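Novice: Got a structure here, written out as structure tokens. Questions coming.
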Amino acid sequence: MEREVMNRTQALDRFVEVTRLSTAEISTLTRAVVNVAKKHDVLAVSHDYYTGSDGDAGIICDIFCEDADLISDMDIEVATELAMNEMFADKNITAWFRGRNRQEIKETL
Numbered sequence: 001m002e003r004e005v006m007n008r009t010q011a012l013d014r015f016v017e018v019t020r021l022s023t024a025e026i027s028t029l030t031r032a033v034v035n036v037a038k039k040h041d042v043l044a045v046s047h048d049y050y051t052g053s054d055g056d057a058g059i060i061c062d063i064f065c066e067d068a069d070l071i072s073d074m075d076i077e078v079a080t081e082l083a084m085n086e087m088f089a090d091k092n093i094t095a096w097f098r099g100r101n102r103q104e105i106k107e108t109l
């Protein structure tokens with residue numbers, strides 16, 4: 001558990017370094033992702049921060065959902081919302097959803 005917390009903290013630190021987002025901007029980004037899940041009555045249970053070697057960054061949101069079509073629609077919706085948000089227009093960030101079932105989540109917590 002302690003190692004997992006350390007790994008997540010390091011991932012967040014890398015995300016902040018790459019994106020140069022403020023705490024308020026990260027909160028806005030996270031809320032945008034969660035709001036898309038809520039809109040589709042899907043429970044968002046956790047998220048990870050992704051940073052690529054090429055400067056890409058994103059939030060991966062774990063959701064209780066195994067419907068690939070719905071997840072795809074949600075991915076497009078959140079990407080569109082971020083692209084249309086002036087706060088993120090000049091940032092190289094994105095977000096996407098990762099479908100999980102309850103057993104998978106139990107095993108990772």
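Just so you know, UniProt numbering puts 64 at position 64 of the sequence shown, and the rest follows in order with no gaps. No residue lacks a Cβ here, since even glycine has one placed at the ideal position from N, Cα and C. What you are looking at is a predicted structure, and each value in this text was computed from that prediction instead of being measured.
1. Could you tell me which residues DSSP puts in a beta bridge with SER46?
2. Give me, in chain order, the residues of the same chain whose beta-carbon lies closer than 6 Å to that of ALA11; leave out the 5 immediate sequence neighbours on both sides.
3. Evaluate ILE76 with the Cβ neighbour count: other Cβ atoms within 10 Å of its Cβ, from every protein chain shown; 16 or more gives buried, anything less gives exposed.
4. Please check the pair ALA95 and VAL33, which I expect to be a contact at CB under 8 Å, by giving their CB distance rounded to whole angstroms.
5. By the DSSP assignment, the beta strand (DSSP E) with ARG100 in it spans what residues?
6. For GLU2, collect the residues of the same chain with a Cβ closer than 6 Å to its Cβ; drop the 5 residues on either side in sequence, then sort them by chain order.
7. Where ALA37 and VAL16 are concerned, what is the direct C-alpha to C-alpha distance, given to the nearest angstrom?
8. Kindly indicate which residue of ASN35, THR23 and SER46 has the alpha-carbon position closest to the one of ARG8.
9. Looking only at its chain, what residues have a beta carbon closer than 7 Å to the beta carbon of GLU66, apart from the 5 residues adjacent to it on each side?
10. ARG14 and THR51 - do their beta-carbons sit closer together than 7 Å?
11. Quick one, are the C-beta atoms of ILE59 and PHE97 less than 7 Å apart?
Specialist: Let's see:
1. As a working mapping, residue 46 is identified with position 46 in the sequence shown. Its beta-bridge partners are ASP62.
2. On the sequence shown, residue 11 is found 11 positions in, with the first residue counted as 1. TYR49.
3. Taking the first residue of the sequence shown as 1, we reach residue 76 at position 76. Exposed.
4. Counted from its first residue, the sequence shown places residue 95 at position 95. Counted from its first residue, the sequence shown places residue 33 at position 33. Yes, they are in contact, since the Cβ atoms of ALA95 and VAL33 sit about 5 Å apart, within 8 Å.
5. For this step, residue 100 is matched to residue 100 along the sequence shown. Element bounds for ARG100: 93-100.
6. Counting from one through the sequence shown, the residue named residue 2 turns up at place 2. Nothing listed; no residue qualifies.
7. Taking the sequence shown and counting its residues from 1, the one referred to as residue 37 is at position 37. Taking the sequence shown and counting its residues from 1, the one referred to as residue 16 is at position 16. If you take the alpha carbons of ALA37 and VAL16, they lie about 23 Å apart.
8. As a working note, residue 8 is residue 8 in the sequence shown. Answer by Cα proximity: SER46.
9. In the sequence shown, counting from the first residue as 1, residue 66 sits at position 66. So the qualifying residues of the chain are GLY99 and ASN101.
10. The sequence position of residue 51 within the sequence shown is 51, counting from 1. The sequence position of residue 14 within the sequence shown is 14, counting from 1. Contact flag set, yes.
11. Locating residue 59 in the sequence shown gives position 59, where the first residue counts as 1. Locating residue 97 in the sequence shown gives position 97, where the first residue counts as 1. Not a contact, by the Cβ cut-off of 7 Å.
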